[in-house]
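In the working numbering, the protein residues as written are 788 to 1019.
Every residue, glycine too, gets a C-beta built ideally from N, C-alpha and C.
Remember, predicted model here, so these are calculated numbers, not experimental data.
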């Protein structure tokens, strides 16, 4: 579950003003006032010039993109949270990890016929957490499996969102955080209505067969390691 809880409806207008500000000798208020009198097509022309030709996800636009910001309320498995938590150019805050929100059972577990054993492991994790909660409330979360869900907030500007969403949606990424990144991108476009900003994120991957693509990526990585180890 991903919910976009806060954004600026005027973000794209302010983004254009921020992009133009360094190129003028006018005040911030004057520049923004002028931008508001521009047509939509004129604003898009400015934004396209700002973005330029992005040939890979490491080519990111300038600091103007740091003006818009987004606040997301996320409920995902703890494993996905731990990967997303590694991004430091944003505010991330979380609630205490517990079994209360249930857990995620990957489809591959059922396909392997291990659903029952997986559920039993999750029950043992919950039982241990509950047994520890009263005597050791600060330590009980350590008994909770990574498959259990945790709720957290992610607040980031659009430039950081471009980095996070393009990186975490790559086919070689884990399906859990790929889904979070893909939903965030859709929310920026469809709920915030920031179509121009969403379109800048050219390398957000919405492909629907991530497990096969992840396997291909792992095979390529293994081939590189084998070549390096043999000195080839």
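- Assigned exposure category for residue 970 - 16 Cβ within 10 Å defines buried: buried
- Roughly how many angstroms separate the alpha carbons of residue 934 and residue 888, rounded to a whole number? 11 angstroms
- Message: Assuming the contact rule is C-beta atoms closer than 8 angstroms, residue 867 and residue 963 should be a hit. Round their C-beta distance to whole Å, please.
- Response: 4 angstroms
- Query: First and last residue of the alpha helix (DSSP H) that includes residue 905?
  - Reply: 902-920
- Counted within 10 angstroms of its Cβ, other Cβ atoms place residue 923 as buried (16 or more) or exposed: exposed
- Mapping DSSP to helix, strand and coil, what is residue 937? strand
- Using the rule of at least 16 other Cβ atoms within 10 Å of the residue's Cβ for burial, across every protein chain shown, is residue 943 buried or exposed? buried
- Which residues mark the beginning and the end of the beta strand (DSSP E) in which residue 957 is found? Where residue 957 is concerned, there is no enclosing beta strand (DSSP E), given that its DSSP letter is neither H nor E.
- Query: Less than 9 angstroms separating the beta-carbons of residue 853 and residue 979?
  - Reply: no
- Message: Taking its Cβ as the centre, do 16 or more other Cβ atoms sit within 10 Å of residue 953, making it buried, or is it exposed?
- Response: buried
- Between which two residues does the alpha helix (DSSP H) harbouring residue 832 extend? 827-838
- Query: What is the C-beta distance between residue 871 and residue 936, in whole angstroms, given that I count them as a contact (C-beta under 8 angstroms)?
  - Reply: So it is not a contact: roughly 13 angstroms between Cβ atoms.
- Query: Quick one: Cα of residue 939 to Cα of residue 990, how far?
  - Reply: 25 angstroms
- Message: Please classify residue 827 as buried or exposed, where buried requires at least 16 other C-beta atoms within 10 Å of its C-beta.
- Response: exposed
- So, are the CB atoms of residue 957 and residue 859 less than 9 angstroms apart? no
- Measure the C-alpha to C-alpha separation of residue 848 and residue 914 and round it to an integer number of angstroms. 49 angstroms
- Query: Expressed to the nearest angstrom, what Euclidean distance is found between the alpha-carbon atoms of residue 975 and residue 874?
  - Reply: 19 angstroms
- Task: Can you grab the Cα-Cα spacing for the pair residue 926 / residue 920, in whole Å?
- Result: 8 angstroms
- Query: Are the CB atoms of residue 803 and residue 862 nearer to each other than 9 angstroms?
  - Reply: no
- Query: Identify the residues that DSSP records as bridge partners of residue 989: which are they?
  - Reply: DSSP output for residue 989 lists no bridge partner at all.
- Message: Please report the distance separating the alpha-carbon of residue 951 from that of residue 968.
- Response: 7 angstroms
- 8 angstroms contact criterion, which residue 892 and residue 902 should meet: CB distance rounded: 7 angstroms
- Message: Am I right that residue 795 and residue 855 are in contact with their C-beta atoms under 8 angstroms? What's the rounded C-beta distance?
- Response: 6 angstroms
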